[in-house]
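Protein sequences, first through last, are from chains S and L.
Counting in the numbering used here, the first sequence runs from 1073 upward without gaps.
Counting in the numbering used here, the second sequence runs from 26 upward without gaps.
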Amino acid sequence: MITVSHLTKTFPGRVAVNDLSFEVGHREVVGFLGPNGSGKTTTMRILAGYLPASAGVVKVAGFDVTRHSLEVRKRIGYLPENCPLYPDMRVDEYLRFRAALKGVPRTRRKDRIAEVKELCGLADSGRRIIGQLSKGYRQRVGLAEALVHDPELLILDEPTIGLDPNQIRQVRQLIHELGRRHTILLSTHILSEVEATCRRVLIIKQGRIVAADATDRLLRHMKGMARITAEIKAPRDLLAAELGTWPDLADLAIEAEGEWLRLSFHCPRAQDPRTRLFEWIASRGWLLRDLHLEAGTLEDLFVSLTNDTPAARREPGP
Amino acid sequence: MNAFLVLWRREMTGYFHSPVAYASLTFFLLVMGMTFYFLASVLADGVPGVGVMNLMFGSPFYWMTQMVVVPLLTMRLFAEERRTGTLETLLTAPVSDASVVGAKFAGVYSFYLLMWAPTLLFLAVLHGLSAEIPPFDPGAVAGGYIGAALTGALFLAIGLLCSLTTSNQIIAAITSFALMILFFFSGFLEFISYHTTALAVADYLSPHRHMIEFSRGAVDSRAVVFYLGGTCFFLFSATRILESRHWK
Chain S
1073 MITVSHLTKT
1083 FPGRVAVNDL
1093 SFEVGHREVV
1103 GFLGPNGSGK
1113 TTTMRILAGY
1123 LPASAGVVKV
1133 AGFDVTRHSL
1143 EVRKRIGYLP
1153 ENCPLYPDMR
1163 VDEYLRFRAA
1173 LKGVPRTRRK
1183 DRIAEVKELC
1193 GLADSGRRII
1203 GQLSKGYRQR
1213 VGLAEALVHD
1223 PELLILDEPT
1233 IGLDPNQIRQ
1243 VRQLIHELGR
1253 RHTILLSTHI
1263 LSEVEATCRR
1273 VLIIKQGRIV
1283 AADATDRLLR
1293 HMKGMARITA
1303 EIKAPRDLLA
1313 AELGTWPDLA
1323 DLAIEAEGEW
1333 LRLSFHCPRA
1343 QDPRTRLFEW
1353 IASRGWLLRD
1363 LHLEAGTLED
1373 LFVSLTNDTP
1383 AARREPGP
Chain L
26 MNAFLVLWRR
36 EMTGYFHSPV
46 AYASLTFFLL
56 VMGMTFYFLA
66 SVLADGVPGV
76 GVMNLMFGSP
86 FYWMTQMVVV
96 PLLTMRLFAE
106 ERRTGTLETL
116 LTAPVSDASV
126 VGAKFAGVYS
136 FYLLMWAPTL
146 LFLAVLHGLS
156 AEIPPFDPGA
166 VAGGYIGAAL
176 TGALFLAIGL
186 LCSLTTSNQI
196 IAAITSFALM
206 ILFFFSGFLE
216 FISYHTTALA
226 VADYLSPHRH
236 MIEFSRGAVD
246 SRAVVFYLGG
256 TCFFLFSATR
266 ILESRHWK
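Written out as structure tokens, the structure is:
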């Protein structure tokens, strides 16, 4: 459904997307992850035909997004970041306008609008003015608009941003259902959402792909990793210097918490270092009040791939 | 074509939800009402040699309405959509850039023409009050309204282009106002240069002179071509600017 080949997008003074290549298959739900400013929104805008690529080829359903932009746009439902809507319109009026603009036949329009309103939980909100809706409802209107012409591909740029936990759960459930009939490219910062809804994950950083694999395979890999967390009362410099020499230890972070230091790092789960760590702390005569191990999550993978902070963060001392 | 009609209707209804449009309409009708008052006074005093439609379309009041109302109507066209982000949803819908520009222009132009419609009542009142039947030449009336339609089209196209280049409505309004002023005063080149070319250019460009001619009932084809050509030029430029986002 989507073929991106050596996509590059430059803006004056910076490269937003750098030689990006990936594919998304038919009816696949793919999570598109990356820190803010990593090029997710730019890539999605290029896919939706809003921005041109500086180099590379982008195809949707076999059509080049630049040369056959209108054909591509007919097949895409796009929910931009921040969900822009016309505040002066009523929900029904807006959906009728967008359905007509997207070429939904007049005879099908009424039924289709009723369907998407039902699907997005807007069945009783047709007469409400968009400008007076809550953020959650506006997000639903945006989703209903993206779906109104029954597109083959849905591009959703942070569809759950600003929603409360209940609304996030509802949107997640909706995306899960939509994934049975549509191809979905979903950008989000809520990684549990990706674990629950996406079959595949693409992680980008500074415009380049740093991980692309099936979600369950990444999770299996991450389950082989462990995150150790400990709270120690010890001299920070000494702790950081000595731990820095330990092998198989990644993403070391030390944060001050009152008089205590909260220490965390990743390591292979098979090499559970807790006993060794405890003995080392005891041998130094330092105090320890917490030491535990957690299985690696997608969030850990995301942080380890995209976090640029130094391995041992030095907080300003008291 | 369907997308064009859908967008045109949205633009038209958008004006009826906009306080700025109502303020513009009020200002326009107030000023035109004053024009009518002066017109009626002049006719009552029986000042000889004054064309009725000249007073209506050649007066400073006419240009005041154009200079104020047109930027107010056009400033929101693209600038507002760009500011709120709806331009992104509009331009990712399956609709051509030419349709977007054409529909927005058609929407604002329809509203502009609707604004002129009540002024026909002034003429009907004048017709009813006047002992001399008719108090004005029908050809001059038609010419005056054709002139208002043509200058309006050109100025609205300029305003649309200005709105496309910014996300700030105030900047869009000021830019279009400045361009309209520049265009208006280009007709007065004769006051700064007596060169024959300058005089010929001023004669060809002068919107004030065109309106005087139109309101006498003389619809010069050169002026018609000038206004229609200018309108097409600015709309074409706007379409190309919109398309330029696809350029690598």
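Ideal placement from N, C-alpha and C gives every residue a C-beta, glycine not left out.
CB of residue i within 8 Å of CB of residue j, strictly
{"i": "S231/L", "j": "M78/L", "result": "no"}
{"i": "M1297/S", "j": "R1252/S", "result": "no"}
{"i": "G169/L", "j": "M81/L", "result": "yes"}
{"i": "V45/L", "j": "L97/L", "result": "yes"}
{"i": "T1075/S", "j": "S1126/S", "result": "no"}
{"i": "V1213/S", "j": "L1157/S", "result": "yes"}
{"i": "T1255/S", "j": "E1095/S", "result": "no"}
{"i": "E1329/S", "j": "E1366/S", "result": "no"}
{"i": "K1275/S", "j": "T1378/S", "result": "It is worth fixing the name first, because residue 1275/S is Ile in this sequence and not Lys. It is a contact, given that the beta carbons lie within the stated cut-off."}
{"i": "S49/L", "j": "R107/L", "result": "no"}
{"i": "L1246/S", "j": "L1205/S", "result": "no"}
{"i": "L1219/S", "j": "L1191/S", "result": "yes"}
{"i": "A263/L", "j": "L189/L", "result": "yes"}
{"i": "V1137/S", "j": "I1118/S", "result": "yes"}
{"i": "L1105/S", "j": "V1273/S", "result": "yes"}
{"i": "G132/L", "j": "E36/L", "result": "yes"}
{"i": "Y286/L", "j": "A178/L", "result": "Here chain L has residues from 26 to 273 only, and residue 286/L is not among them."}
{"i": "V1102/S", "j": "L1335/S", "result": "no"}
{"i": "I1326/S", "j": "L1311/S", "result": "yes"}
Assigned secondary structure, residue i (DSSP; H/G/I helix, E/B strand, else coil)
{"i": "I1074/S", "result": "strand"}
{"i": "S1259/S", "result": "strand"}
{"i": "G1128/S", "result": "strand"}
{"i": "S1093/S", "result": "strand"}
{"i": "G127/L", "result": "helix"}
{"i": "L30/L", "result": "helix"}
{"i": "W1332/S", "result": "strand"}
{"i": "E1153/S", "result": "coil"}
{"i": "F1135/S", "result": "strand"}
{"i": "R1147/S", "result": "coil"}
{"i": "R1210/S", "result": "helix"}
{"i": "I1201/S", "result": "strand"}
{"i": "A227/L", "result": "helix"}
{"i": "L1228/S", "result": "strand"}
{"i": "R1162/S", "result": "strand"}
{"i": "L1321/S", "result": "coil"}
{"i": "H1221/S", "result": "coil"}
{"i": "P44/L", "result": "helix"}
{"i": "R241/L", "result": "coil"}
{"i": "S13/L", "result": "Here chain L has residues from 26 to 273 only, and residue 13/L is not among them."}
{"i": "C187/L", "result": "helix"}
{"i": "M81/L", "result": "helix"}
{"i": "E1109/S", "result": "Correcting the residue type first, residue 1109/S is Gly in the shown sequence and not Glu. Coil at G1109/S, not helix or strand."}
{"i": "V120/L", "result": "coil"}
{"i": "M1116/S", "result": "helix"}
Nearest candidate by alpha-carbon position, reference residue i, set the options
{"i": "F1135/S", "options": "A1216/S, F1083/S, I1148/S and A1186/S", "result": "I1148/S"}
{"i": "I171/L", "options": "V244/L, T200/L, L102/L and V93/L", "result": "V244/L"}
{"i": "S1077/S", "options": "V1129/S, R1117/S and I1227/S", "result": "V1129/S"}
{"i": "P85/L", "options": "F209/L, S43/L, A174/L and L179/L", "result": "F209/L"}
{"i": "A123/L", "options": "F261/L, S269/L and H271/L", "result": "F261/L"}
{"i": "K1146/S", "options": "E1165/S, M1161/S and A1172/S", "result": "A1172/S"}
{"i": "G1198/S", "options": "A1133/S, T1138/S and E1165/S", "result": "E1165/S"}
{"i": "E1265/S", "options": "N1090/S, L1235/S, A1120/S and P1307/S", "result": "L1235/S"}
{"i": "R34/L", "options": "S135/L, V94/L, V67/L and M59/L", "result": "S135/L"}
{"i": "T99/L", "options": "I206/L, V250/L and G184/L", "result": "G184/L"}
{"i": "A1120/S", "options": "P1223/S, L1370/S and P1107/S", "result": "P1223/S"}
{"i": "K1189/S", "options": "Q1211/S, P1237/S, H1140/S and T1347/S", "result": "Q1211/S"}
{"i": "K1305/S", "options": "I1262/S, V1282/S and L1363/S", "result": "L1363/S"}
{"i": "V1243/S", "options": "K1277/S, L1359/S and G1208/S", "result": "G1208/S"}
Identity of the residues DSSP links to residue i by a beta bridge
{"i": "T1082/S", "result": "V1087/S"}
{"i": "L1274/S", "result": "F1104/S and A1284/S"}
{"i": "R1299/S", "result": "H1338/S and E1366/S"}
{"i": "L253/L", "result": "BP columns for L253/L are empty, so no partner."}
{"i": "K1305/S", "result": "L1359/S"}
{"i": "I1326/S", "result": "L1335/S"}
- Give the residues from the region 1166 to 1177 of chain S that approach chain L closer than 8 Å (Cβ to any Cβ), ordered along the chain. F1169, R1170, A1172, L1173, K1174 and G1175
- Task: Below 9 Å between beta carbons is the criterion; list the residues of the region 228 to 254 of chain L that meet it against any residue of chain S, in chain order.
- Result: none
(Q) Give me the subset of the region 95 to 127 of chain L whose CB atoms are less than 7 Å from a CB atom of chain S, sorted by chain position. (A) T109, G110, T111, E113, T114, L116, T117, A118, P119, V120 and S121
ask   = Closer than 9 Å, Cβ to any Cβ of chain L: which residues of the region 1116 to 1144 of chain S, in chain order?
value = R1117, A1120, G1121, Y1122, L1123, P1124, A1125, S1126, A1127, T1138, S1141, L1142, E1143 and V1144
Please name the residues in the region 27 to 38 of chain L whose beta-carbon is closer than 9 Å to at least one beta-carbon of chain S, in chain order. N27, A28, L30, V31, L32, R34, R35 and T38
Problem set entry | chain S contacts from the region 38 to 69 of chain L (Cβ-Cβ distance under 8 Å) | G39, H42 and S43
Problem - Residues of the region 1244 to 1268 of chain S with Cβ closer than 7 Å to any Cβ of chain L, in chain order - result: none
**Prompt:** Using Cβ-Cβ distances below 7 Å, what residues of the region 1196 to 1226 of chain S are close to chain L?
**Reply:** none
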